[in-house]
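There are 2 protein chains.
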Amino acid sequence: METTQHQRSADQRRRELLEAADRVVLRDGPHASMNAIAAEAGITKPILYRHFGDKGGLYRALAKRHTDALLRALQVAVDADVDRRERVAGTLDTYLAAIEARPQVYRFLMHPAEDSQPSEAGFDVGRHSAPLLRRLGEELGTVIADRVDLGPGGDLVARVWGHGIVGMMHAAGDWWLGERPCSRAELVASLTDLLCGRLFQVQDRADGPGF
Amino acid sequence: METTQHQRSADQRRRELLEAADRVVLRDGPHASMNAIAAEAGITKPILYRHFGDKGGLYRALAKRHTDALLRALQVAVDADVDRRERVAGTLDTYLAAIEARPQVYRFLMHPAEDSQPSEAGFDVGRHSAPLLRRLGEELGTVIADRVDLGPGGDLVARVWGHGIVGMMHAAGDWWLGERPCSRAELVASLTDLLCGRLFQVQDRADGPGF
DNA sequence: CCCGCATGTTACCAGCGGTAACGGCAGTCT
DNA sequence: AGACTGCCGTTACCGCTGGTAACATGCGGG
Chain A
1 METTQHQRSA DQRRRELLEA ADRVVLRDGP HASMNAIAAE AGITKPILYR
51 HFGDKGGLYR ALAKRHTDAL LRALQVAVDA DVDRRERVAG TLDTYLAAIE
101 ARPQVYRFLM HPAEDSQPSE AGFDVGRHSA PLLRRLGEEL GTVIADRVDL
151 GPGGDLVARV WGHGIVGMMH AAGDWWLGER PCSRAELVAS LTDLLCGRLF
201 QVQDRADGPG F
Chain B
1 METTQHQRSA DQRRRELLEA ADRVVLRDGP HASMNAIAAE AGITKPILYR
51 HFGDKGGLYR ALAKRHTDAL LRALQVAVDA DVDRRERVAG TLDTYLAAIE
101 ARPQVYRFLM HPAEDSQPSE AGFDVGRHSA PLLRRLGEEL GTVIADRVDL
151 GPGGDLVARV WGHGIVGMMH AAGDWWLGER PCSRAELVAS LTDLLCGRLF
201 QVQDRADGPG F
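One line per chain: the protein sequences are A and B, in this order.
Numbering (full-length UniProt numbering) for the first sequence: 1 to 211.
Numbering (full-length UniProt numbering) for the second sequence: 1 to 211.
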């Protein structure tokens with residue numbers, strides 16, 4: 001049947017276009033223009049728009065690939081058969097290793113679309129770097145809810161923790177990637193300590209008010 | 001002397017322009033155009049550029065005001081004379097109350113510039129929503145380093161924690177503001193529990209692998 | 001009186017995302 | 001064979017953006 005043949009070649013074309021877009025986004029940053037992407041793919045703008053609708057569509061498709069890949073890696077880490085602290089540390093390390101290995105991808109994923117329709121009021125706040133982080137947070141939240149017994153209302157607490165931990169990981173990783181103040185292992189250790197509650201176990205300084 | 005007089009009136013003009021920009025950014029979101037801002041101020045584009053250089057300059061000036069205000073509020077919270085847990089909870093609550101009260105401001109602060117010069121390579125990663133979060137993280141890091149005795153290398157750990165905690169607060173707040181899954185007090189309690197290390201104190205579920 | 005100077009304007013530029021309208025080139029139906 | 005139907009691709013354009021050059025205007029001081 002030629003319909004399937006057409007569809008297959010269309011899908012293949014789509015993948016080629018995505019790979020071209022990937023190359024140019026990785027080279028030029030997230031502000032790459034549709035013209036540039038089309039040129040890299042050896043074609044012109046309108047066919048990009050026929051395939052992806054608009055720039056948001058292209059970027060969404062592009063982001064999904066990388067997001068899925070990262071999510072799979074994190075799944076593996078979070079399912080590792082070690083004790084809890086080791087598992088937390090391993091998950092953090094997996095994420096940090098990923099963003100360390102491909103900072104351009106990471107940077108792209110954090111503000112992929114900038115779509116943000118007018119939205120009438122102020123209730124769509126978290127649209128900026130959200131898609132990946134939201135997915136990660138939600139996913140981690142369900143993992144925590146599944147595995148840890150938090151009592152009544154625990155599911156909500158688990159979601160809060162999921163988003164909070166992901167945000168912690170993200171912010172610390174972002175800062176670390178920019179300044180490189182220490183090794184990855186040290187960063188992982190410090191963050192794991194923080195999640196272990198070391199902040200509330202250490203002593204105040206002798207002088208000054210306590211924290 | 002007329003130089004001071006000129007300067008004063010120029011500064012005053014600048015403040016008027018900033019207030020106009022504030023109004024239109026709060027009304028139209030961060031994608032407000034320079035034309036719109038100029039129109040709101042009752043003038044035209046070029047004088048905006050004479051005052052602020054480029055859009056990034058205007059947005060930076062605009063962001064600084066709100067950032068400073070928020071920082072002052074957080075300073076107060078972090079200096080409160082209560083025990084450590086209460087102080088952590090109070091600081092979180094101050095931040096969340098601020099973003100709850102003025103989500104438009106918050107939204108603007110999170111991606112103010114989008115400047116991101118070409119940068120040649122990939123080492124300026126965290127430019128997207130960074131300025132405010134970076135400042136908060138650095139500030140909190142020094143506060144922690146000042147007040148808590150973390151032993152040798154503790155300053156670095158404190159900075160990691162500062163950025164991590166700020167990121168946790170940010171991500172959880174962003175998600176919460178979008179979905180409103182619970183009251184602010186509940187959110188604060190859950191996050192404080194997380195920082196207290198409750199994640200490592202609770203039991204595994206009876207079934208399934210532990211976390 | 002004219003000069004400098006700041007303030008404001010109009011008119012323009014390059015680039016962006018996005019689209020309409022047209023040109024070939026396959027395969028299909030009669 | 002020849003007309004018809006879709007699809008891939010193009011050129012040329014639109015409205016809008018951030019940003020700038022060049023020109024007008026009102027002001028105080030030699």
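The beta carbon of each residue, even a glycine, is placed where N, CA and C say it ideally should be.
Start-to-end residues for the alpha helix (DSSP H) that takes in residue i
| i | result |
| --- | --- |
| A:ALA185 | 184–195 |
| A:VAL105 | 103–110 |
| A:GLY57 | 55–78 |
| B:PHE52 | 45–52 |
| B:HIS163 | 154–179 |
| B:ALA39 | 34–40 |
Contact under 7 Å by Cβ, residue i with residue j
| i | j | result |
| --- | --- | --- |
| A:ARG184 | A:LEU74 | no |
| B:ALA158 | B:ALA145 | yes |
| A:ILE43 | A:VAL24 | no |
| B:VAL188 | B:ASP83 | no |
| A:HIS66 | A:LEU109 | yes |
| A:ALA80 | A:THR192 | no |
| A:LEU194 | B:GLY151 | no |
| B:LEU177 | B:GLN104 | no |
| A:GLY197 | B:CYS196 | yes |
| B:VAL76 | A:SER190 | no |
| A:CYS182 | B:LEU132 | no |
| B:ILE99 | B:GLY29 | no |
Expected contact under 8 Å - CB spacing of residue i and residue j to nearest Å
| i | j | result |
| --- | --- | --- |
| B:LEU140 | B:GLY167 | The Cβ separation is near 11 Å, so there is no contact. |
| B:VAL78 | B:VAL143 | 6 Å |
| B:ASP22 | B:LEU62 | 6 Å |
| B:MET34 | B:LYS55 | 6 Å |
| B:TRP175 | A:ARG134 | 7 Å |
Next on the checklist: Count Cβ pairs between the segment 64–83 of chain A and the segment 48–56 of chain A that sit closer than 8 Å; are there 3 or more?
Outcome noted: In short, these stretches do not touch, since the Cβ pair count stays below three.
Item to check | At least 3 beta-carbon pairs within less than 8 Å: the segment 191–204 of chain B vs the segment 7–21 of chain B | outcome: Contact fails between the segment 191–204 of chain B and the segment 7–21 of chain B, because fewer than three Cβ pairs, one in each stretch, are under 8 Å apart.
Checklist entry - Taking only runs of the alpha helix (DSSP H) that begin and end inside the segment 4–30 of chain B, which ones reach a length of at least 4 residues, in chain order? => result As summarised for the segment 4–30 of chain B, there are no continuous alpha helix (DSSP H) elements at least 4 residues long confined to that stretch.
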